[in-house]
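Chains P and V, in that order, give the protein sequences. For the first sequence, the positions run 663 to 1148 when this note's numbering is used. For the second sequence, the positions run 323 to 760 when this note's numbering is used. Note that beta-carbon positions come from the ideal geometry of N, C-alpha and C, so glycine has one too. The structure presented is a predicted model; accordingly, all values stated were derived computationally and were not measured.
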Amino acid sequence: MPAYVTLVLVLLIGLASFMLGRFRARAQAFSQGAPKAHSRPPYHGWWAALLAILPALALLLAWQIGSGAYLRDQVAGQLAAVSGADVNTGPTLVNSLANGLLLLDPPQDANPPVTMEALAPLLAAKGVTLASGTQDFMIQIAVEANAARALLSWIGASAALGLAIIGGVYGLSQIAVRARARHKVERFVLASLFTASSLAILTTVGIVLSLLFQTITFFGQVSPASFFFGTVWDPRFAAAGSGGSEGQFGLIPLLAGTLYIAFVALLVAAPVGLMSAIYMAEYASRPVRSVVKPALELLAGIPTIVYGIFALVTLGPWLRDISAALAGGAAFIQAQSILTAGLVMGVMLIPVVSSLSDDIITAVPQAMRDGSLGLGATRSETIKKVILPAALPGIAGAILLTASRAIGETMIVVLAAGVAAKLTANPFEAMTTITVKIVNQLTGDLEFNSPQTLVAFALGLTLFFVTLAMNIGALAIVRKYREQYE
Amino acid sequence: MTDITAGAIPVAARPPRRDIGIKKRYAAEARFKAYGVAAILFGLAFLAIMLGSVVTKGYTAFWQTNITLPVTFDAQVIDPQNKRDEDPMILIKANYDKLAQAALLAKLGIDPAEKAVVAKTKGILSDSARIVLRDRVTADPSIIGQTVEVSMLASANIDSAFKGQIDLSVPEARRKVKDQQVEWMKQLASDGSLAEKFNTGLFTYGASSRPETSGVGVAIVGSLMMMAIVLVLALLIGVAASIYLEEFAARGRLTDLIEVNINNLAAVPSIVFGLLGLSVFINFLGMPRSAALVGGVTLSLMTLPTIIIATRAAIAAVPPSIRDAALGLGASKTQMVFHHVLPLAMPGILTGTIIGLARALGETAPLLLIGMVAFVADYPATPLDPATALPVQIYMWANEAERAFVERMSGAIIILLAFLMVMNITAIVLRRKFERRW
């Protein structure tokens, strides 16, 4: 029986327990001479349903995991007994063979032909193609594995259903007028709410551990010093399984490219975003603000892939052609360049800077403005000499936060910055970034034991910690500043 | 002292006005204001140019050139030995290209014997013509022997030429559409057998190596699957977490830790979530690559902080008097939250969720890492089947060289932006309609 059928049945038993429990509680509560009920009838129903569902689900999950591991172990054991079997690829082959056999029509699926030659056409007719390494003796193992799997799943399903029924019956038997069903249900609700919120911690731990684990494996093959201080990035994609070809994994060119592009982006985003925030907060009339502000926020709602494509298809070629016209010959701006990527990323970040600094500027107390204006300063003088100095730490925090967004941005640089990892100071040339290389290393064939794949996790961990440090710093600055006027 | 004898008192010349730089200051004021206007105009102009360039490049993708020809389903070509009753594969393997070509030659009035001219007609009809004809025959074998008007796609090059996207002033040798083909195209267009139709294929096809038969249908299904997963997971977990943090959590180390974590997760680069998905779901838990399930769960984790932050704001906006009233009437804390606070906070929660979903829909980077960059031609039936997503499909087309793919890509961007616009407008309407000011 497939697991999802069992799941549905368990849920149905839970539903039945709920209905019966509610009915029984109601009957008891409304019977003659009953004392005042502790909980309303649905709570009794819920409690019975929880008792029916939860233990059964836990059992089902544990059984699934356990039986899967047991089967893998069995198959591996049988393969090891046969001489000439490849222990590495064997289990996978047997597994896909067993899955294929399940699709065959009844007389064949339990008793298939004993040679691959006879079996392959049957499977092909069902749309299953097997790897060439599949051998005749694997058929027998696969048949046995299928039988064992069917038996185990029947045992698991009946155990889970039995447990569900026992739980439901027990829950129903617990129903009494003075039983504290509501307390029990509410305790469960609270526990699940807490579990949901602790998922945030779990995610962070998951990110750090998964990156760290792969990074440590990577550093087992490449020394940390050559990663962090290497100036050459040349991973040399090895053909699958050939091994031995050592690449160079220097972080410096990628880090330099990342920072350079982020710097160009901030050169665009910081002044433009800040000036538009100032204009919105201090000059714009209400009708202008109500139109322009959402329009600028549209920039934040457009997916970054659209920015990237605009840079790749329109802006990059346009800048190249302009530079060619200016130089009167060869273009000095490449179509994929630091300038293009930085410019487009800067525009993407304008709403980030402006909405953050808008909050900070409006948080400056009105009394400071009034004081300055009352002394005869013009509006711009008030802004430049009173508001901005007062808001400066907050704005610095906002820009730091924006910079961390710029460093982690992926799609724009993947499309517009280029893939050549080199060190250059010329903004018209292509440079590459950490995020681009993560994408490059992880699209295509993956081998979780080669440094070519693992380096992406080391890059990701670096990226994670750099942005984390910037965010924490920025939040600390912003928070500290905000408290000043409260 | 009394020297004032000489006539009238001299009127002191008005001293020149002391220069306090007022003009300069006003000029500086005007300049400063102009900088502000310039900054805003820069942003708006960029937005307009970007959207304008996408629309002008992409709107043509919604029309596709079709060629309607009277095709004779010649039994001699399809089934020369008349064995189709014994072997149904004959109808599938038959030479439908020949049928399509014969129909085209007949229409253009070309003698099939002139091999040199015939060779030039290749590349007018799309390669998909044979699939159209095959499907006609397998659906209804009695069609064999008849002559029927069949509408087939033109090839991508003819499509581009017909839309005027190919510069015909370029020397013939350097373009993909030859002069002779353009002549024929005009000839077919003049009698109405070649015409542009609304491009339904863009919405129904999957990935294809031929631009004219590639579309975003499969990608949209993949995206919708992922959005459904994100909606269920992120909304349930997000709301539960927010309720706990806003209503139940005691101030303490653990709560602070959770809050700091949520705020930091909101700022973690999206690509890191892709690394998490790859290493935990695919490598560690052994889930299939390119599956909508993995994509959905990864995007859920990414969207969760956004939804939690919006939900907490919505819950915090419900006034304490509601809580006090519920508790005062004897409701338990759980009843107070689920019966009173949550329904009142619902519009705000939904708004936040839709905005989070819109972000997840446009997200590309994490999906690249979990193998959604896949050539998927068939619709995924379950979330475990290989699937791709709308933005990933756009990314893949961006890497194609052919002009016709750029058109498709811009069309797909228009579709993506339309989806996002609908979602955001829904969010705004929800907020306007249901938001209560306390």
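Using a 10 angstroms sphere on the CB of T1064 (chain P), the tally of other CB atoms reaches 16 or more, which defines it as buried. Positions of the alpha helix (DSSP H) runs, each at least 4 residues long and wholly inside the region 1030–1110 of chain P, are given as 1041–1044, 1050–1070, 1073–1078, 1096–1104 in order along the chain. The beta carbons of V926 (chain P) and G978 (chain P) sit no closer together than 8 Å. For D896 (chain P), the beta-bridge partners assigned by DSSP are P:Q910. The beta carbon of L677 (chain P) lies closer than 8 Å to those of A711 in the same chain, with the five residues before and after it left out.
Per DSSP, reduced to three states, the secondary structure at Q509 (chain V) is helical.
Residue nearest to G909 (chain P) within the set P:R844, P:A810, P:A838, P:Q1114 is P:Q1114 (criterion: CA-CA distance).
Per DSSP, the continuous alpha helix (DSSP H) segment holding P956 (chain P) begins and ends at 948–963. The Cβ of P708 (chain V) sits no closer than 8 Å to any Cβ of chain P. The beta-bridge partner set that DSSP reports for S536 (chain V) is empty.
Taking a C-beta distance under 8 Å as the contact criterion, G733 (chain V) and A383 (chain V) qualify as a contact pair. Only those residues of the region 961–986 of chain P whose C-beta falls short of 8 Å from the nearest C-beta of chain V are listed: L961, G963, I964, P965, T966, I967, V968, Y969, G970, I971, F972, L974, V975, T976.
Residue pairing for Q386 (chain V): DSSP places it in a beta bridge opposite V:K519.
Under the three-state reduction of DSSP output, V1026 (chain P) falls in the coil class, being neither helix nor strand. Within chain V, the residues placing a beta-carbon under 7 Å from that of M937 (chain P) are Y357, G358, A361, ordered along the chain. For P463 (chain V), the secondary structure class from DSSP, reduced to helix, strand or coil, is helix. Pairwise C-beta distances place the region 966–976 of chain P in contact with the region 733–742 of chain V, as three or more of them are shorter than 8 Å. Using a CB distance below 8 Å, the part of the region 871–884 of chain P facing chain V consists of S872, L873, F875, Q876, ordered along the chain. The bridge partners DSSP lists for M474 (chain V) are V:I389. Going by C-alpha positions, I1069 (chain P) is about 11 Å away from V1098 (chain P). The three-state secondary structure of P708 (chain V), taken from DSSP, is strand. Put simply, the backbone Cα of A987 (chain P) is about 24 Å away from that of L1077 (chain P).
Of the candidates P:A1029, P:L861, P:F856, P:G912, the residue whose Cα lies closest to the Cα of A1083 (chain P) is P:G912. The DSSP-derived three-state label of L579 (chain V) is helix. Cα atoms of M694 (chain V) and F368 (chain V): separation of roughly 31 Å, rounded to the nearest angstrom. In this model, K498 (chain V) and E724 (chain V) are separated by some 11 Å (Cα to Cα). Contact check for P717 (chain P) against G833 (chain P) fails: the beta carbons are separated by 8 Å or more. Among the residues facing chain P, G523 (chain V) is not included, as its CB has no counterpart in that chain under 8 Å away. With contact defined as three or more Cβ pairs closer than 8 Å, the region 681–695 of chain V and the region 704–722 of chain V are in contact.
At least one beta carbon of chain P lies nearer than 8 Å to the beta carbon of F570 (chain V). Look at S758 (chain P): its C-beta is not under 8 Å from any C-beta on chain V. Per the C-alpha coordinates, the member of P:L921, P:L873, P:I984 positioned closest to F595 (chain V) is P:L873.
By the criterion of at least three beta-carbon pairs nearer than 8 Å, the region 389–402 of chain V is in contact with the region 414–428 of chain V. Under the three-state reduction of DSSP output, T777 (chain P) falls in the coil class, being neither helix nor strand. Taking a beta-carbon distance threshold of 8 Å, T673 (chain V) does not count as an interface residue toward chain P. Here I869 (chain P) has F1126 as same chain residues with Cβ atoms under 7 Å from its own Cβ, once five neighbours each way along the sequence are excluded.
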